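Report on the following structure.
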Amino acid sequence: MTEVLRRGTPGMKSVKDMPVVQDGPPPGGFPAVRYARRVPSTGPSGITLFAVGAAIMAFGFYKVGQSNRERRAIKAANYEARAALVPFLQAEEDRRWVNANRTFQAKQAEIMKNVPDYKVGESVYKTRWMPPAKPVGI
Numbered sequence: 003m004t005e006v007l008r009r010g011t012p013g014m015k016s017v018k019d020m021p022v023v024q025d026g027p028p029p030g031g032f033p034a035v036r037y038a039r040r041v042p043s044t045g046p047s048g049i050t051l052f053a054v055g056a057a058i059m060a061f062g063f064y065k066v067g068q069s070n071r072e073r074r075a076i077k078a079a080n081y082e083a084r085a086a087l088v089p090f091l092q093a094e095e096d097r098r099w100v101n102a103n104r105t106f107q108a109k110q111a112e113i114m115k116n117v118p119d120y121k122v123g124e125s126v127y128k129t130r131w132m133p134p135a136k137p138v139g140i
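At position 101 of the sequence shown (counting the first as 1) the number is 103 in this note's numbering, and the numbers step up by one without a gap.
Spelled out as C-alpha cells, the structure:
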C-alpha cells in the first residue's frame with residue numbers, strides 16, 4: 003500500500019523497477035543565503051553628531067557674547083547715572099557735614115568755656131601726621 007501512495011505504481015517486483023527520483027535544487031535554483039553581517043543604521047553618523055554639537059555650541063557662545071554685551075551696556079548706563087548724581091550727593095553730604103560740624107563746635111564751646119587758652123575747632127593733638135610704616139620684605 004505504501005508503494006502505491008509513494009510511487010504511484012502497484013506491485014513492483016524489484017527495487018530496480020522503481021522510478022528514479024533524485025533530490026536536487028528547485029527550478030531556478032535556491033534563493034541566495036544571507037551570510038553577511040548587516041547591522042541596521044541606528045541613527046546619524048559620528049561626524050553628523052559632531053557637526054550638530056559644534057553648531058549648538060557655537061550658537062551658545064554667540065548668545066553668551068550677546069548677553070555679555072548687553073550686560074556691559076547696562077552696567078555702563080548705571081555707572082553714568084551714578085556719576086551724574088555724585089556732585090549732588092557730595093553737595094548734600096557737605097551741607098550735612100557743615101551743619102554737624104557747626105553743632106559740634108557749638109557744643110564744644112559750651113563745654114570748654116571755662117578752660118583758658120582753648121580754641122574751638124583746633125586740634126588737641128600737637129603732632130604732625132605721619133604715614134604708616136611700609137612693610138619690609140613684601
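Glycine included, C-beta positions come from ideal geometry on N, C-alpha and C.
All figures in this text were calculated on a predicted structure; none of them were measured in a lab.
Item, Value
"Host alpha helix (DSSP H) of M114 (start-end)", "Unbroken run through M114: none, as it is neither H nor E."
"The stretch 98 to 111 touching the stretch 121 to 129, judged by at least three CB pairs closer than 8 Å", "yes"
"Cut-off 6 Å between Cβ atoms - residues of its own chain near A102, not counting five sequence neighbours on either side", "none"
"Where W99 sits in the DSSP three-state scheme", "helix"
"Three-state secondary structure (DSSP) of S69", "helix"
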